[in-house]
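Chemist: Questions regarding the structure given below will be posed in turn.
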Amino acid sequence: MSDHLKLRIKFQKTGAIRYIGHLDVMRFFQKCLRRAEIDVCYTTGFSPHQILTFAAPLSVGLESYGEYMDVEVHSATNSADIVQRLNDASVPEIKIVSAKLLPEWAENAMASVAAARYFVTFVEDRIPNIFKADDDSIREALLAFLSKDSIPYVKESKKGTREVDLRPGIFELSWNNEEKGLEMLLDASSGENIKPSQVLNAFLGQWNESLIDNSLCITRLDVYTRNSPSEEGQAGDLLSMDDVGKEFSF
Numbered sequence: 030m031s032d033h034l035k036l037r038i039k040f041q042k043t044g045a046i047r048y049i050g051h052l053d054v055m056r057f058f059q060k061c062l063r064r065a066e067i068d069v070c071y072t073t074g075f076s077p078h079q080i081l082t083f084a085a086p087l088s089v090g091l092e093s094y095g096e097y098m099d100v101e102v103h104s105a106t107n108s109a110d111i112v113q114r115l116n117d118a119s120v121p122e123i124k125i126v127s128a129k130l131l132p133e134w135a136e137n138a139m140a141s142v143a144a145a146r147y148f149v150t151f152v153e154d155r156i157p158n159i160f161k162a163d164d165d166s167i168r169e170a171l172l173a174f175l176s177k178d179s180i181p182y183v184k185e186s187k188k189g190t191r192e193v194d195l196r197p198g199i200f201e202l203s204w205n206n207e208e209k210g211l212e213m214l215l216d217a218s219s220g221e222n223i224k225p226s227q228v229l230n231a232f233l234g235q236w237n238e239s240l241i242d243n244s245l246c247i248t249r250l251d252v253y254t255r256n257s258p259s260e261e262g263q264a265g266d267l268l269s270m271d272d273v274g275k276e277f278s279f
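Shown next as structure tokens:
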């Protein structure tokens, strides 16, 4: 067995913990790994720290059923044992779902993020007018929106504003009749990251509407990477980050 093993941990972040920021989640897992007595690898030098990386940071206020952390360990027993020990050391709102052994070629969680899947609903008294219509009308409006060749949108950041085209990064957008919400699969790569609120504001802009503050309830369902492309110059197919590794037992 190798001196270093790369594990990918999938976890959920729900309930009141959704208001805890990314840095605090990182600190939580550092302590959780110690309490669980996981044989974690540390960097060398005067200030050694655990070797772990997280996939796309989750915005404060969002719940998620598909968060990922990669950690290097010296040794491990099996997937079920790692999951059990981490859950025993965790809190109910942060539930560890799986532990997979990564192949040597796998990029770390942060570098390999390509897309994210979301489910979005509206706060009851802050629903935009178009989403008060019947299901068929909503679906038709979404299909018309997706049929556009380009969807210009002005992104704002600390560096200023710039116009981008959202259309290439909206992989899926549909209306769920039963749960009365939107399902989205969006680009989440470091260069072209798209947020559900940006898609909705671009959509509502067609009727000179915009989102009311704090009107969205957003759940991230999963995060995706890409398979190796079959031909040079082509993008690989999207693949759940949980499917890159495999369950293990030593």
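Everything in the sequence shown is counted per the numbering used here, starting at 30 for the first residue and increasing by one. For each residue, glycine too, the CB sits at the ideal point set by N, CA and C.
What residues in its chain sit with their C-beta under 7 Å from that of Leu250, if we drop five residues either side in the sequence?
Modeler: Excluding residues within five positions, the ones whose Cβ falls inside 7 Å are Tyr94, Gly95, Arg146, Tyr147, Phe148.
Chemist: Hey, could you find the ends of the alpha helix (DSSP H) Ser226 is sitting in?
Modeler: Unbroken alpha helix (DSSP H) run through Ser226: 225-233.
Chemist: How many whole angstroms separate the CB atoms of Trp313 and Ile167, which I take to be in contact at a CB cut-off of 8 Å?
Modeler: As displayed, the chain neither begins before 30 nor continues past 279, which places residue 313 out of reach and without an answer.
Chemist: Count the other CB atoms, across all protein chains shown, that sit within 10 Å of the CB of Thr254; report buried if there are 16 or more and exposed otherwise.
Modeler: When all chains shown are included, Thr254 counts as buried.
Chemist: Since Phe83 contacts Met98 with CB under 8 Å, what's their CB separation in whole angstroms?
Modeler: Their Cβ separation, rounded to whole angstroms, is 5 Å, which keeps Phe83 and Met98 in contact under 8 Å.
Chemist: First and last residue of the alpha helix (DSSP H) that includes Arg155?
Modeler: From DSSP, Arg155 is part of no alpha helix (DSSP H); its letter is neither H nor E.
Chemist: Just to confirm the assignment, what range does the alpha helix (DSSP H) spanning Asn116 have?
Modeler: 108-118 is the extent of the alpha helix (DSSP H) around Asn116.
Chemist: Should the segment 235-242 be called in touch with the segment 86-93, which here means at least 3 C-beta pairs below 8 Å?
Modeler: Taking 8 Å as the limit for Cβ pairs, the verdict is that the segment 86-93 does not touch the segment 235-242.
Chemist: Taking C-alpha atoms, which residue in Asn158, Asp163, Val112, Glu207 lies nearest to Ser278?
Modeler: Minimum Cα distance to Ser278 is reached at Val112.
Chemist: Let me make sure I understand the geometry here. Which of Arg47, Pro225, Glu192, His33 has the alpha-carbon closest to that of Glu122?
Modeler: Glu122 has its Cα closest to that of Arg47, out of Arg47, Pro225, Glu192, His33.
Chemist: Just to confirm, is the Cβ distance from Leu172 to Val100 under 8 Å?
Modeler: No.
Chemist: Which stretch, first to last residue, makes up the alpha helix (DSSP H) that contains Ala173?
Modeler: That run of the alpha helix (DSSP H) goes 164-175.
Chemist: Compute the distance between the beta-carbons of Ala217 and Val102, then report whether it is under 8 Å.
Modeler: No.
Chemist: Starting from Arg56, follow the beta strand (DSSP E) in both directions and report where the run begins and ends.
Modeler: Run containing Arg56: none in the beta strand (DSSP E); it sits in the alpha helix (DSSP H), 51-64.
Chemist: With DSSP collapsed to three states, give me the class of Ile123.
Modeler: Three-state result, Ile123: strand.
Chemist: Between which residues of its own chain and Ser108 is the CB-CB distance below 6 Å, once the five residues before and five after are set aside?
Modeler: Contacts found: Ala128, Glu276, Phe277.
Chemist: Going by beta carbon distance, what residues of the same chain come within less than 7 Å of Glu261, once the five residues before and after it are set aside?
Modeler: Note that Glu261 scores a pLDDT of 48, beneath 50, so its modelled location is shaky; the value from the coordinates is reported in the next line. Closer than 7 Å at Cβ, skipping near neighbours: no residue.
Chemist: Can you tell me which of Leu91, Val69, Ala135, Glu185 puts its alpha carbon nearest to the alpha carbon of Thr106?
Modeler: The shortest Cα separation from Thr106 among Leu91, Val69, Ala135, Glu185 belongs to Val69.
Chemist: Excluding five sequence neighbours on each side, which residues of the same chain lie with their C-beta closer than 8 Å to the C-beta of Tyr71?
Modeler: For Tyr71, where only same-chain residues beyond five positions count, the Cβ hits under 8 Å are Pro77, His78, Gln79, Ile80.
Chemist: Between Gly90, Val120, Asn137, which lies nearest to Met270 when the distance is taken from Cα to Cα?
Modeler: For Met270, the nearest C-alpha among the options comes from Asn137.
Chemist: Run through DSSP, which three-state label would Lys161 get?
Modeler: Here Lys161 sits in helix by DSSP.
Chemist: Which term fits Arg63, buried or exposed, when burial requires 16 or more other beta carbons within 10 angstroms of its beta carbon?
Modeler: Result: exposed.
Chemist: Return the CA-CA distance between Asp272 and Tyr182, expressed in angstroms with no decimal places.
Modeler: Distance between the alpha carbons of Asp272 and Tyr182: 33 Å.
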